[in-house]
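Shown next, in structure tokens, is the structure this report addresses.
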Amino acid sequence: MVATIINGNEVAKSIRVEIKAEVARMKQDGVVPGLVVIIVGEDAASQVYVRKKGEACVEMGIHSETIRLPASATEAELLSLIDKYNKDPMYDGILVQLPLPKHISEEKVLLRIDPGKDVDGFHPINVGKMVVGSEAYLPCTPHGVQELLLRSGNDPAGKHVVVLGRSNIVGKPVACILIQKAKGADATVTICHSRTKNLAEITRQADILIAAIGSPQFVKADMVRDGVVVIDVGVNRISDPAAKGGCRLVGDVDFDAVKEKAKAITPVPGGVGPMTITMLMKNTVQAAKIHHSWKG
Ligand code: GUN
Numbered sequence: 001m002v003a004t005i006i007n008g009n010e011v012a013k014s015i016r017v018e019i020k021a022e023v024a025r026m027k028q029d030g031v032v033p034g035l036v037v038i039i040v041g042e043d044a045a046s047q048v049y050v051r052k053k054g055e056a057c058v059e060m061g062i063h064s065e066t067i068r069l070p071a072s073a074t075e076a077e078l079l080s081l082i083d084k085y086n087k088d089p090m091y092d093g094i095l096v097q098l099p100l101p102k103h104i105s106e107e108k109v110l111l112r113i114d115p116g117k118d119v120d121g122f123h124p125i126n127v128g129k130m131v132v133g134s135e136a137y138l139p140c141t142p143h144g145v146q147e148l149l150l151r152s153g154n155d156p157a158g159k160h161v162v163v164l165g166r167s168n169i170v171g172k173p174v175a176c177i178l179i180q181k182a183k184g185a186d187a188t189v190t191i192c193h194s195r196t197k198n199l200a201e202i203t204r205q206a207d208i209l210i211a212a213i214g215s216p217q218f219v220k221a222d223m224v225r226d227g228v229v230v231i232d233v234g235v236n237r238i239s240d241p242a243a244k245g246g247c248r249l250v251g252d253v254d255f256d257a258v259k260e261k262a263k264a265i266t267p268v269p270g271g272v273g274p275m276t277i278t279m280l281m282k283n284t285v286q287a288a289k290i291h292h293s294w295k296g
């Protein structure tokens, strides 16, 4: 079987058309969604993500501001900045890019963001709502994975989904979203991680495999069964003398080998990445609707 390539750029584009049209209608009623993105330090990957988030806001017609703090910024400075934006009605969403420098407590920072402005869905209140299945801002990457499955005709209902990775940003929440008794979910989910025994035995049982372990090309062809649907969340830079700049991006899946067995697979780049940012836009617009009681 040679896989269908799930084109995240195309899917994201069609959702963005919907969002853009909605923002235009909101603006006619004087409602302008606003997002502030805060980044601390110089992490190269984070810089790229933050730039893309700002560009997506411009594309959608969302008001946005990016605050860049030096790596030496204190936790108190960051917390008081969050307080300022919690109070500012111009901003419906606040996003603090992770990871943070080691001297700043991620837990304290995420707790400080007003849960109503937590468009990342990382505040424990929103995490709790997600777990019990009540309405919440869902974390952008897991939500993007779910949308990508649905819009590519791969409804997870009743399927065995194997998640590789247990991070708070991807592994845990994607598992949580897909086990819900809900439309677009209803999957049987197994979570595997670095301490899982007989990993390949489990991954071979997957109808849908979600790879989010942060290890380049970790998933090999002998770890999947024929006809699997593969969602690759990994973003890894590996050296490649033949590539421009001497390196290239790869996922957590050995794409060229696995695509020969899969029914469908996402590429890296151009798979999950564009969906993450699109879901952030969606959450920001949702926050603005709630804050302005805009019903459309
Ligand atoms: N770092 C990697 N992914 C994310 C994300 O979705 N949100 C934030 N805030 N930081 C991240």
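For the sequence shown, this note's numbering gives the first residue as 1, with consecutive numbering after it. Yeah, the Cβ is synthetic: ideal placement off N, Cα and C, and Gly gets one too.
- Assignment of serine 46 by DSSP, reduced to helix, strand and coil, places it in the helix class.
- In this chain, the beta strand (DSSP E) harbouring aspartate 232 covers 229-232.
- Considering only Lys220, Arg248, Leu280, Glu107, the residue with the shortest C-alpha distance to glutamate 260 is Lys220.
- Looking only at Ala242, Thr4, Ile39, the smallest Cα-Cα distance to leucine 100 is reached by Ile39.
- Taking valine 32 as the centre and dropping the five residues before and after it, the same chain places the C-beta of His63 closer than 6 Å to its C-beta, in chain order.
- A distance of 8 Å or more separates the beta carbons of glutamine 97 and tyrosine 137.
- Between the region 11-28 and the region 271-288, the count of C-beta pairs closer than 8 Å reaches three or more; the two stretches touch.
- Isoleucine 202: member of the alpha helix (DSSP H) spanning 199-203, first to last residue.
- Bounds of the beta strand (DSSP E) holding leucine 249 are 247-250.
- Counting along the chain, no alpha helix (DSSP H) covers asparagine 168, and no H or E run does either.
- By the C-beta density criterion, serine 152 is buried, having at least 16 other C-beta atoms within 10 angstroms.
- At the C-beta level, proline 216 and valine 170 stay beyond 8 Å of one another.
- In the three-state scheme derived from DSSP, where H, G and I count as helix and E and B as strand, asparagine 236 is classed as strand.
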